[in-house]
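Using our numbering, the first residue of the sequence shown is number 4, and each one after it goes up by one. From the three backbone atoms N, C-alpha and C, an ideal C-beta is built for every residue, glycine too. Let me begin by presenting the structure, written as structure tokens, before commenting on it.
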Amino acid sequence: MKIDELDPFSYSMEDSEKLVAYSLLDDLKKSNPERAREEIESIIYADNGVFHIKSKNLAPLIDQIVDSDYGKLFQSASNGKTQFSRIVRKIQTRSKGKTIVADMSYGFLYFLRDCFTALH
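Shown next as structure tokens:
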């Protein structure tokens with residue numbers, strides 16, 4: 004499988020995880036292959052066929068990527084009092100790195116594993 008063939012929406016994940024997965028995948032695709040491998044290896048590695056997540060690295064990476072992709076939207080929504088603003092704030096809260104790591108679904112884990120595998 005190649006990184007371009009991955010589809011975050013084909014995994015069984017929460018919507019907030021899909022948002023994060025989409026942003027992470029987009030970031031990996033935009034990077035040169037060596038940089039993408041380094042980035043994915045900073046959060047997941049394989050040891051004798053068993054995959055391990057480096058949650059200490061994953062949470063800040065999620066925050067960085069989501070802020071980069073959606074920061075302006077979140078910032079502008081935080082000033083408003085519309086229904087859209089409330090929805091965006093809810094998504095922002097659920098997309099925090101610590102929240103994603105603490106409540107991580109198997110679908111998100113499989114997605115990370117597939118990213119790792121696709122880059123190796």
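Spatial distance of residue i from residue j (CA atoms)
{"i": "residue 75", "j": "residue 66", "result": "13 Å"}
{"i": "residue 71", "j": "residue 30", "result": "10 Å"}
{"i": "residue 25", "j": "residue 93", "result": "18 Å"}
{"i": "residue 44", "j": "residue 114", "result": "14 Å"}
{"i": "residue 49", "j": "residue 23", "result": "22 Å"}
{"i": "residue 60", "j": "residue 42", "result": "10 Å"}
{"i": "residue 85", "j": "residue 105", "result": "29 Å"}
{"i": "residue 52", "j": "residue 79", "result": "44 Å"}
{"i": "residue 4", "j": "residue 21", "result": "19 Å"}
{"i": "residue 96", "j": "residue 73", "result": "12 Å"}
{"i": "residue 36", "j": "residue 64", "result": "18 Å"}
For residue i, three-class secondary structure by DSSP
{"i": "residue 50", "result": "strand"}
Beta-carbon proximity check, residue i vs residue j, cutoff 8 Å
{"i": "residue 9", "j": "residue 117", "result": "yes"}
{"i": "residue 103", "j": "residue 19", "result": "yes"}
{"i": "residue 69", "j": "residue 98", "result": "yes"}
{"i": "residue 119", "j": "residue 12", "result": "no"}
{"i": "residue 122", "j": "residue 6", "result": "yes"}
{"i": "residue 15", "j": "residue 110", "result": "yes"}
Integer-rounded CB distance, given that residue j should sit under 8 Å from residue i
{"i": "residue 100", "j": "residue 39", "result": "So it is not a contact: roughly 19 Å between Cβ atoms."}
{"i": "residue 57", "j": "residue 46", "result": "5 Å"}
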